[in-house]
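J.:
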Amino acid sequence: MMIKRKHIKSIALLAAASFLASCVTQSGQSANIMAQEKPQYALVIHGGAGTILRKNITAEKDAAYRAKLAESLRAGQSVLESGGSALDAVEATIHIMENSPLFNAGKGSVFTHEGRNEMDASIMDGRNIDAGAVAGVRHIKNPISLAREVMENSNHVMLAGDGAEEFAQSRNIALMDAAYFQTEKRLRQLERAKARDMGAILDHDGDNKFAGYDDPIDPDNKFGTVGAVALDRDGNIAAGTSTGGMTNKRWNRIGDSPVIGAGTYADNMSCGVSATGHGEYFIRATVARTICAMMEYKGVSLEQAANEVIHGTLVDMGGTGGIVALDKEGNISMIFNTEGMYRGYIKGNSEPDIYIYK
3 MMIKRKHIKS IALLAAASFL ASCVTQSGQS ANIMAQEKPQ YALVIHGGAG TILRKNITAE
63 KDAAYRAKLA ESLRAGQSVL ESGGSALDAV EATIHIMENS PLFNAGKGSV FTHEGRNEMD
123 ASIMDGRNID AGAVAGVRHI KNPISLAREV MENSNHVMLA GDGAEEFAQS RNIALMDAAY
183 FQTEKRLRQL ERAKARDMGA ILDHDGDNKF AGYDDPIDPD NKFGTVGAVA LDRDGNIAAG
243 TSTGGMTNKR WNRIGDSPVI GAGTYADNMS CGVSATGHGE YFIRATVART ICAMMEYKGV
303 SLEQAANEVI HGTLVDMGGT GGIVALDKEG NISMIFNTEG MYRGYIKGNS EPDIYIYK
């Protein structure tokens, strides 16, 4: 059952001061972009957070990531510019990243301990707080689209494994051979993790000192969970997240990405959030929902809520990662407590703004 839920410029100096203040960060590791006036539409994305260091990324790889993030933003921007919905923009944006081996989602997802690719995704509609999610799917080219199918054409919120793929077939969603998702570099990443008996490895765990090694599992290739949050011309917010999870994970482990309220949340009354990081902590802290709830019930800004959760709650728990979010006024937050996060945003028909390092 769907639940239905019922913008004065300052002088130039004050506006500039406000903008600069909003970008001052805790340890330089976060950014908030305050809307000086509500944009017609907006979109913010991430491609994963973690130990992302300039020294470990070649100029060519840096350029490749920036180009793909910009392509993703433009795909969503095209939808929003033409009057399309926030949901359509989120789906189109995430498709670009799911189809790229640069990210840990869809093609290029990490391998489980058993040598499989098990993918999770979720999507949420802020108009009516409706949501859909899939977990542990192995043959779905674009898990974000199957999550939307669950939301719009089933009586459920989350489907998993073989059942989710059976549902996909019933909805005429094409399944791909397992080989489509596999890449040689991801396989080498798994082999190194298993050889070092390292357990499950996060998307961007470049620092492996805990296992007695100073070198990263894959120093030239940092991959990550992907996500997007959009605000359309009608003032509706949608959010989505897609991932391949953790390298060397076992026992059908599922993280926060498909968990509504943890890895994804959207509500027109407050904001939309997509998360990336150590999923077990994001689940326990219900990160995405908590940020939105703080805005709705405490009356704090998106900046305040996101900083408190990512730099406070998560850090206190020992959790690492970050979020991208935007509120109903077009304010954008890209907050993380790690060395970097692939991220970017657009507002209206502006050019994409892309960032990687802290």
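Under my numbering, the first residue of the sequence shown carries the number 3, and numbering increases by one thereafter.
We put the CB at the ideal spot given by N, CA and C, even for glycine.
Roughly how many angstroms lie between the CA atoms of Asn157 and Gly85, to the nearest whole one?
T.: Here residue 157 refers to the residue found at position 155 of the sequence shown. Here residue 85 refers to the residue found at position 83 of the sequence shown. Answer to the nearest angstrom: the Cα atoms are 28 Å apart.
J.: State the Cα-Cα distance for the pair Ala123 and Glu73, rounded to the nearest angstrom.
T.: Within the sequence shown, the letter at position 121 stands for residue 123. Within the sequence shown, the letter at position 71 stands for residue 73. Approximately 20 Å, taken between the alpha carbons.
J.: Along the chain, where does the beta strand (DSSP E) containing Ala241 start, and where does it finish?
T.: Looking up residue 241 in the sequence shown gives position 239. From DSSP, the beta strand (DSSP E) with Ala241 extends over Ile239 to Thr245.
J.: With DSSP as the reference, label Val261 as helix, strand or coil.
T.: As a working note, residue 261 is residue 259 in the sequence shown. In this structure, Val261 counts as coil in the three-state DSSP scheme.
J.: If you measure between the beta carbons of Phe105 and Thr249, is that distance less than 9 Å?
T.: What you label residue 105 is simply residue 103 of the sequence shown in a count that begins at 1. What you label residue 249 is simply residue 247 of the sequence shown in a count that begins at 1. Not a contact, by the Cβ cut-off of 9 Å.
J.: Applying the criterion that 16 or more other CB atoms from any shown protein chain within 10 Å of the CB defines a buried residue, is His206 buried or exposed?
T.: To locate residue 206, count along the sequence shown from 1; it is residue 204. Low per-residue confidence applies at His206: pLDDT is 47, beneath 50, and the placement is therefore not dependable enough to give any value.
J.: Could you tell me the alpha carbon to alpha carbon distance between Tyr359 and Gly257, rounded to whole angstroms?
T.: For the purposes of this step, residue 359 is taken as residue 357 along the sequence shown, with counting starting at 1. For the purposes of this step, residue 257 is taken as residue 255 along the sequence shown, with counting starting at 1. In a straight line, the C-alpha of Tyr359 is about 24 Å away from that of Gly257.
J.: Under 9 Å, do Ser244 and Gly108 count as touching if we go by C-beta distance?
T.: Residue 244 sits at position 242 when you count from the first residue of the sequence shown. Residue 108 sits at position 106 when you count from the first residue of the sequence shown. Contact flag set, yes.
J.: Does the distance from the C-beta atom of Leu71 to that of Ile356 stay below 9 Å?
T.: Position 69 of the sequence shown holds residue 71. Position 354 of the sequence shown holds residue 356. For Leu71 and Ile356, yes; Cβs fall inside 9 Å.
J.: Given this structure, state the Cα-to-Cα distance separating Met343 from Gly226, to the nearest angstrom.
T.: Here the question's residue 343 lines up with position 341 in the sequence shown. Here the question's residue 226 lines up with position 224 in the sequence shown. Looking at the two C-alpha atoms, the distance is approximately 9 Å.
J.: How would you label Arg252, buried or exposed, when you count the other beta carbons within 10 angstroms and need 16 or more for buried?
T.: Here residue 252 corresponds to residue number 250 of the sequence shown, with the count starting at 1. Exposed, since its Cβ has fewer than 16 Cβ neighbours within 10 Å.
J.: For the beta strand (DSSP E) that contains Tyr359, what are its first and last residues?
T.: Against the sequence shown, residue 359 aligns to sequence position 357. Here the beta strand (DSSP E) through Tyr359 covers Asp355 to Tyr359.
J.: Select from Gly320, Val317 and Asp269 the residue whose C-alpha is nearest the C-alpha of Glu384.
T.: This structure does not reach residue 384, given that the chain is present from 3 up to 360, and the question cannot be answered.
J.: Checking the sheet assignment: what are the DSSP bridge partners for Ile348?
T.: Taking the sequence shown and counting its residues from 1, one reaches residue 348 at position 346. According to DSSP, which records beta bridges pairwise, Ile348 is partnered with Leu45.
J.: Could you compute how far the alpha carbon of Gly320 sits from the alpha carbon of Thr278?
T.: Residue mapping note: residue 320 aligns to position 318 of the sequence shown, counting from 1. Residue mapping note: residue 278 aligns to position 276 of the sequence shown, counting from 1. Straight-line Cα distance between these residues: approximately 15 Å.
J.: Tell me the DSSP secondary structure of Ser74 in three-state form.
T.: Position 72 of the sequence shown holds residue 74. Helix at Ser74.
J.: What do you get for Asn155, buried or exposed, if any count of 16 or more other CB atoms within 10 angstroms of its CB means buried?
T.: On the sequence shown, position 153 is the one that residue 155 refers to. Its Cβ having fewer than 16 others within 10 Å, Asn155 is exposed.
J.: According to the neighbour-count rule (16 or more other Cβ atoms, all chains shown, within 10 Å of its Cβ), is Gly138 buried or exposed?
T.: Looking up residue 138 in the sequence shown gives position 136. Counting Cβ neighbours within 10 Å, Gly138 comes out buried, since at least 16 surround it.
J.: Going by other Cβ atoms of all chains shown within 10 Å of its Cβ, with 16 needed for buried, is Ala195 buried or exposed?
T.: Here residue 195 is taken as the residue at index 193 of the sequence shown, counted from 1. Ala195 is buried by the Cβ-count criterion.
J.: Nearest to Arg291 by alpha carbon, out of Ile262, Ser102, Gly281 and Arg198?
T.: Along the sequence shown, one-based indexing puts residue 291 at 289. It is Ile262 whose Cα lies nearest to the Cα of Arg291.
J.: Cα separation between Ala240 and Met153?
T.: Taking the sequence shown and counting its residues from 1, one reaches residue 240 at position 238. Taking the sequence shown and counting its residues from 1, one reaches residue 153 at position 151. Roughly 13 Å separates the two Cα atoms.
J.: Considering only the alpha carbon of each residue, which of Val46, Val81, Gln42 and Lys40 lies closest to Ala33?
T.: As a position in the sequence shown, residue 33 is number 31, starting the count at 1. For Ala33, the nearest C-alpha among the options comes from Val46.
J.: For Glu151, I'd like the list of residues in its chain whose CB is within less than 6 Å of its CB, leaving aside the five on either flank, ordered along the chain.
T.: To locate residue 151, count along the sequence shown from 1; it is residue 149. Only Arg173 meet the Cβ criterion.
J.: Are there 16 or more other CB atoms within 10 angstroms of the CB of Thr266, so buried, or fewer, so exposed?
T.: Mapped onto the sequence shown, residue 266 falls at position 264. Counting Cβ neighbours within 10 Å, Thr266 comes out buried, since at least 16 surround it.
J.: If I'm right that Ile54 touches Glu341 with Cβ under 8 Å, what's the distance once you round it to whole angstroms?
T.: Residue 54 sits at position 52 when you count from the first residue of the sequence shown. Residue 341 sits at position 339 when you count from the first residue of the sequence shown. Between Glu341 and Ile54 the Cβ distance is about 5 Å, and since that is below 8 Å, they are a contact.
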